[in-house]
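First the structure, in the form of structure tokens, and then the observations on it.
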Ligand SMILES: Nc1nc2c(ncn2[C@@H]2O[C@H](COP(=O)(O)OP(=O)(O)OP(=O)(O)O)[C@@H](O)[C@H]2O)c(=O)[nH]1
Ligand SMILES: [Mg+2]
């Protein structure tokens, strides 16, 4: 029998999702970061330890074009040998730099590896910032592939600041696609989040608080999925 859970996510109002019931052993959950923001979010989520008792068998992956963001993930891996390692996957030698089609093409070239990555997952959580090329281009494709592989698929995505201009239109288009491809989309608006804080709040603290909010919401969702509390 399916369980239905309701979530209050920032900027999204109430979202609901039907979840399959699970017996033991613990369902497997793959956390996948896509693009620079996705890599940052996965690294922060793992470091928070918030998922330790979420009742699922976890694994972490970060995907990007170009080495830059993935190098930071590798540094975090080396610095925290006690934590579950984050696997890194570079789909192309240079970053997409806002080119959604370049990111999609790299994803297509590596479709066999990416499909293999998703095999055997009961739940897939995709984390990305929308508005650039990589997160916007690849997250909807991975979402569809994860659902096709039989996983409950959630996309927790950050949308750009207003001043980022054209990135907002790219993000809107990606959200539209994700609404069709994911079981649940959890949007977090950078613009709305920063508007909650006084102008003199250090930017790092505001990003840090948003990372923690995303981690908390993802944890609630995974715990509901696994049936733990
Ligand atoms: N909250 C938060 N937002 C971020 C972070 N990094 C980037 N963003 C937002 O996410 C959007 C997408 O940025 P990136 O993740 O750098 O883009 P990308 O997916 O790597 O795409 P490329 O343009 O191909 O490099 C940006 O427009 C920002 O609004 C981060 O660390 N935290
Ligand atoms: Mg990038």
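In the numbering used here, the protein residues as written are 88 to 316. Even glycine gets a Cβ: it sits at the ideal position worked out from N, Cα and C.
Legend entry - residue 249 versus residue 256: straight-line alpha-carbon distance, rounded: On the chain shown, position 162 is the one that residue 249 refers to. On the chain shown, position 169 is the one that residue 256 refers to. The alpha-carbon atoms of residue 249 and residue 256 are separated by roughly 10 Å.
Inset, instruction - Identify whether residue 125 lies in helix, strand or coil by the three-state DSSP scheme. - result: Position 38 of the chain shown, counted from the first residue, corresponds to residue 125. Residue state, collapsed to three classes: helix.
Legend entry - Where the alpha helix (DSSP H) containing residue 258 begins and where it ends: Residue mapping note: residue 258 aligns to position 171 of the chain shown, counting from 1. 253 to 268 is the extent of the alpha helix (DSSP H) around residue 258.
Inset, instruction - Rounded to whole angstroms, what's the CA-CA distance from residue 212 to residue 229? Just pull it up for me. - result: Taking the first residue of the chain shown as 1, we reach residue 212 at position 125. Taking the first residue of the chain shown as 1, we reach residue 229 at position 142. Their backbone Cα atoms lie some 10 Å apart in a straight line.
Inset, instruction - Within the same chain, show all residues whose beta-carbon is closer than 8 Å to that of residue 303, passing over the 5 residues directly before and after it, in chain order. - result: Within the chain shown, numbered from 1, the residue matching residue 303 stands at position 216. For residue 303, where only same-chain residues beyond five positions count, the Cβ hits under 8 Å are 137.
Inset, instruction - May I ask whether a heavy atom of ligand 1 can be found less than 7 Å away from the beta carbon of residue 181? - result: Numbered from its first residue, the chain shown carries residue 181 at position 94. No, ligand 1 has no heavy atom inside 7 Å of this Cβ.
Inset, instruction - Compute the distance between the beta-carbons of residue 145 and residue 151, then report whether it is under 8 Å. - result: Position 58 of the chain shown, counted from the start, is the residue given in the question as residue 145. Position 64 of the chain shown, counted from the start, is the residue given in the question as residue 151. The answer is no: Cβ separation not under 8 Å.
Inset, instruction - Please classify residue 248: does DSSP put it in a helix, a strand, or coil? - result: Locating residue 248 in the chain shown gives position 161, counting from the first residue. Note: residue 248 maps to coil in three-state DSSP.
Legend entry - Coil, strand or helix - residue 275 by DSSP: Against the chain shown, residue 275 aligns to sequence position 188. Looking at residue 275 - three-state DSSP - the assignment turns out to be strand.
Legend entry - Distance CB(residue 280)-CB(residue 265) smaller than 8 Å: Indexing the chain shown from 1 puts residue 280 at position 193. Indexing the chain shown from 1 puts residue 265 at position 178. Result no, Cβ atoms of residue 280 and residue 265 do not sit closer than 8 Å.
Inset, instruction - Could you give the DSSP three-state label for residue 235: helix, strand or coil? - result: As a working note, residue 235 is residue 148 in the chain shown. If DSSP states are grouped into helix, strand and coil, residue 235 belongs with the helices.
Legend entry - Reference residue 247, options 237, 260, 240 and 116, closest by Cα: Numbered from its first residue, the chain shown carries residue 247 at position 160. The candidate whose alpha carbon is nearest that of residue 247 is 260.
Legend entry - Cβ contact check for the region 215 to 229 and the region 123 to 132: 3 or more pairs under 8 Å: yes
Inset, instruction - Please name the residue in 176, 208, 149 and 243 whose C-alpha comes closest to that of residue 235. - result: Stepping through the chain shown from its first residue, residue 235 is reached at position 148. Ranking the options by Cα distance to residue 235, first place goes to 208.
Legend entry - Same chain, Cβ closer than 7 Å to residue 164, neighbours up to 5 away in sequence not counted: By one-based count along the chain shown, residue 164 stands at place 77. Excluding positions up to five away in sequence, the list reads 172 and 173.
Inset, instruction - Mark residue 277 as exposed unless 16 or more other C-beta atoms lie within 10 angstroms of its C-beta, in which case mark it buried. - result: Position 190 of the chain shown, counted from the first residue, corresponds to residue 277. Looking at its Cβ environment, which holds 16 or more other Cβ atoms inside 10 Å, residue 277 is buried.
Inset, instruction - Identify whether residue 151 lies in helix, strand or coil by the three-state DSSP scheme. - result: The residue labelled residue 151 in the question sits at position 64 within the chain shown. The answer is strand: DSSP assigns residue 151 an E or B state.
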